[in-house]
Structure formats: structure tokens, C-alpha cells
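Numbering (the working numbering), first residue to last: 127 to 213.
Don't be surprised by glycine CBs; every beta carbon is placed ideally from N, CA and C.
The block underneath contains the structure these notes are about, expressed in C-alpha cells.
Dropping the structure here:
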């Protein structure tokens, strides 16, 4: 999928993640802010990158503000944001 416009999904509530996705010319990039960054930062980034790869997104900037979301929540928020941002 091609990202053509900025989009967002999620909330800043506890156990959720707020995803903002933007078109990017430098491949896929992730900017992550999380209350559990030290413990689970790499795992969160992996779920985000896996979702981008599964949906064949090549050039996206993902800004994620995590409040302790589980993997399935991260994946759902990513899919929603990608679908809102694609053509």
C-alpha cells in the first residue's frame, strides 16, 4: 500500500497506543515513545515493522506513543492508520 496522506489511530488511554503515520521518502521509519520503552521497545518496533511489511508499505514515517498496549492492539491500530492513509 502507498501512504498518500497523514492518518492516525488509537488513543492516549492506558493500555492503548496512538499511531500517526505520514508519507516518507526515506523508507520506513519509526519514532517510538513508550512508558515501557526500556523493557519492550524492540518488541513494539518489531510489531510495527512486521505490520508495515505484511501490508507492503514501503515509505512511511510511523510516530507511536505507547501507553502499554499489547501486540494485538498495536497491530490493529497500525492497520487502521495504514488503511486511512492509503489510496
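The shortest CA-to-CA distance from residue 164 to any of 133, 140, 134, 192 is the one to 192. For the pair residue 129 and residue 183, the CB atoms are nearer than the 8 Å cut-off. Residue 169 sits exposed, since fewer than 16 C-beta atoms from the chains shown fall within 10 Å of its C-beta. Contact annotation: residue 185 and residue 149 have beta-carbon atoms nearer than 8 Å. Excluding five sequence positions before and after residue 137, the CB atoms of its chain that fall closer than 7 Å to its own CB belong to 144, given in chain order.
Beta-bridge partners assigned by DSSP to residue 129: 212.
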